[in-house]
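The opening position of the sequence shown corresponds to residue 1 in the numbering used here, with each subsequent residue numbered one higher.
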Amino acid sequence: MMYFQAKEQNFKDQTGITVKFNVISWTDLFNRILTADFSGQNPDVLNIGNTWSATLQATRAFLPFDQANMDAIGGKSKFLATSLAASGAAGQVPTSVPLYGLSYALFYNKAMFREAGIKSPPKTWSEFIQDAKQLTKPKIGQWGVGIEGASITENAHWAFILSNQQGGSLFDQNNVPTFDSAQNVRAIQFFTDLISKYKVAGPQDAEYSTGTQAPGDFANRKAAMIIFQTGTISALESDGMKASDFGVAQVPVPDVLPPGGKAIESHVAGINISIFKDTQHLSAALKFVKFMTSRAEQVKLNKLYTSLPVVKDAYSDPAFNSPEMQTFETILAQHAAPMPLIPQEGQMETVMGGALKQLLAAAASGKPVNTSDIEAQLSDANQTMKADLGLD
Numbered sequence: 001m002m003y004f005q006a007k008e009q010n011f012k013d014q015t016g017i018t019v020k021f022n023v024i025s026w027t028d029l030f031n032r033i034l035t036a037d038f039s040g041q042n043p044d045v046l047n048i049g050n051t052w053s054a055t056l057q058a059t060r061a062f063l064p065f066d067q068a069n070m071d072a073i074g075g076k077s078k079f080l081a082t083s084l085a086a087s088g089a090a091g092q093v094p095t096s097v098p099l100y101g102l103s104y105a106l107f108y109n110k111a112m113f114r115e116a117g118i119k120s121p122p123k124t125w126s127e128f129i130q131d132a133k134q135l136t137k138p139k140i141g142q143w144g145v146g147i148e149g150a151s152i153t154e155n156a157h158w159a160f161i162l163s164n165q166q167g168g169s170l171f172d173q174n175n176v177p178t179f180d181s182a183q184n185v186r187a188i189q190f191f192t193d194l195i196s197k198y199k200v201a202g203p204q205d206a207e208y209s210t211g212t213q214a215p216g217d218f219a220n221r222k223a224a225m226i227i228f229q230t231g232t233i234s235a236l237e238s239d240g241m242k243a244s245d246f247g248v249a250q251v252p253v254p255d256v257l258p259p260g261g262k263a264i265e266s267h268v269a270g271i272n273i274s275i276f277k278d279t280q281h282l283s284a285a286l287k288f289v290k291f292m293t294s295r296a297e298q299v300k301l302n303k304l305y306t307s308l309p310v311v312k313d314a315y316s317d318p319a320f321n322s323p324e325m326q327t328f329e330t331i332l333a334q335h336a337a338p339m340p341l342i343p344q345e346g347q348m349e350t351v352m353g354g355a356l357k358q359l360l361a362a363a364a365s366g367k368p369v370n371t372s373d374i375e376a377q378l379s380d381a382n383q384t385m386k387a388d389l390g391l392d
């Protein structure tokens, strides 16, 4: 909050414009946005999760960043192309622009790797499983990898990432769901096998959902690896880890990509900034968006939250030149893709993430989870998603 209090004065000093901040918890934000839209009690500018960009765009309540509006905030070319791609539905004028960038990466405990004689982090999933098995010691509560298997959102992200690696997609080119494709079955089988077949993630991980439990296990040597987003760095340091205690590496990919497979290691994660279309202060709102996406503010903001700048020239700042931050930058810029940019993206996460949650719970109970189980679960999820889209 202190950052934003300082920004009120900085922005006023630069422009003469007074801005008032209202901080809303993440769990309440989406519903608050919809309430504001329907009630007409709108702020001028607001932050949104970038995976909501197409959903909120479909409400027609937000200002399109057409050529004139984009030029008013400094132009399209200043943004990372991958981050800008997650600002609205494909082929439509975006109704948000990036503000914070995030991506997944592999965190590994350096001391645990040394003790196990592992010299470098895994680059492929076969190396990952081999290392994770070597690092797993159930008798002392130590596991090769920690996951948050009851998190609907995390599960949906993993379904998306692994589907891309397997040459699949969650929707076809006509936005018809393809959850139960052979590629997606293979993707979900691998993730479920972390508990059921390979036994490198603990059964308790199937109940983790807060976003803090797996990182907490990692910080306390109960998990040797986690695959989490950029902001996890500050969480680990809060849990007592030093920056020198852990390494950050790219997310593994298949040894050989199958037909159509892509080396996607993360969805384009982050926070966007939007302007309500009915604002009475359009000029001031555009100036504020330009201010928040300037190089100077991008450096300050993302240093504070250990997130990634979304404007290219901010990366020249030394704060983003560490090996860890450069790894995240590489993943975001070169190995990330937007989650499906459809208005029903939220429903997709609920349905697909929920299906994977059930499969992981079954695996944790000791029940074998075979291909037919996964096919049945994904077929049910696909039918549910079709119904949500009105395709049945």
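Note that beta-carbon positions come from the ideal geometry of N, C-alpha and C, so glycine has one too.
For Asn-272, no alpha helix (DSSP H) segment is defined; the enclosing uninterrupted segment is the beta strand (DSSP E) at 269 to 275. Going by DSSP, Ala-223 is part of no beta strand (DSSP E) at all; its letter is neither H nor E.
Cβ-Cβ separation between Trp-143 and Ala-201: approximately 6 Å, consistent with a contact (criterion under 8 Å).
Taking the CA atoms as reference points, Gly-346 sits about 43 Å from Gly-117. Taking the Cα positions, Ser-83 is about 6 Å away from Val-310.
Between Met-339 and Ala-150, the gap from beta carbon to beta carbon reaches 9 Å or more. If you ignore the 5 residues before and after Gly-168, its C-beta comes within less than 6 Å of the C-beta of Ser-181, Gln-183 and Asn-184, all in its own chain and listed in chain order. Lys-137 sits in a strand when the DSSP states are folded into three classes.
Comparing C-alpha distances from Pro-94 to each of Gly-261, Leu-389 and Ile-273 shows the shortest one belongs to Ile-273.
For Ile-331, the three-state secondary structure derived from DSSP is helix. Here the region 255 to 264 makes contact with the region 157 to 166; the two share three or more CB pairs at distances below 8 Å.
Counting along the chain, the unbroken alpha helix (DSSP H) around Val-351 starts and ends at 345 to 364. Under DSSP, Val-253 forms a beta bridge with Thr-124.
For Thr-384, the number of other beta carbons within 10 angstroms of its own is at least 16, and it is reported as buried.
In the assembly as shown, Ala-387 is an exposed residue. Its beta-carbon has fewer than 16 other beta-carbons within 10 Å. Taking all protein chains shown into account, Ser-126 has fewer than 16 neighbouring C-beta atoms within 10 Å of its C-beta and is therefore exposed. Linking Ala-224 to Ala-86 through their CA atoms gives a straight-line distance of about 32 Å. In this structure, Ile-342 places its C-beta atom within 9 Å of the C-beta atom of Ala-54. A distance below 7 Å between beta-carbons, with the five flanking residues on each side excluded, links Thr-306 to the following residues of its chain, in chain order: Thr-230, Gly-231, Ile-233 and Ser-234. Relative to Leu-99, the option among Gln-298, Leu-378, Leu-359 and Gly-390 whose CA is nearest is Gln-298.
Our two residues, Pro-138 and Arg-114, have alpha carbons roughly 19 Å apart in a direct line. Contact between the region 368 to 377 and the region 168 to 178 is not established, with fewer than three Cβ pairs separated by less than 8 Å. Counting C-beta atoms within 10 angstroms of its own C-beta, Gly-390 has fewer than 16 neighbours from the protein chains shown and is therefore classed as exposed. Val-251 sits close to His-335, with the two beta carbons spaced by under 9 Å.
Comparing alpha-carbon positions, the option among Asn-47, Pro-323 and Leu-80 lying closest to Arg-32 turns out to be Asn-47.
Under the DSSP assignment, Leu-46 falls outside any alpha helix (DSSP H), being part of the beta strand (DSSP E) whose first and last residues are 45 to 49. DSSP places Val-299 in the uninterrupted alpha helix (DSSP H) bounded by 295 to 305.
Here Gly-16 is exposed, its C-beta having fewer than 16 other C-beta atoms within 10 Å. Taking Arg-60 as reference, the option from Leu-301, Asn-302 and Phe-276 with the minimal CA-CA separation is Phe-276. Residues Gln-229, Thr-230, Gly-231, Ala-269, Gly-270, Ser-307 and Leu-308 of the same chain have their beta carbon placed closer than 7 Å to that of Leu-102, with the five preceding and five following residues left out of the count. For Phe-113, the three-state secondary structure derived from DSSP is helix.
Boundaries of the alpha helix (DSSP H) around Leu-162: 152 to 165. Along the region 21 to 98, the alpha helix (DSSP H) occurs as fully enclosed runs of 4 or more residues at 26 to 39, 53 to 57, 67 to 72 and 81 to 85, listed in sequence order. Contact annotation, Lys-78 with Lys-312: C-beta distance approximately 6 Å; criterion of less than 8 Å satisfied. Rounded to the nearest whole angstrom, the CA to CA distance from Ala-376 to Phe-179 is 11 Å.
A Cβ-Cβ contact shorter than 9 Å links Ile-152 with Thr-350.
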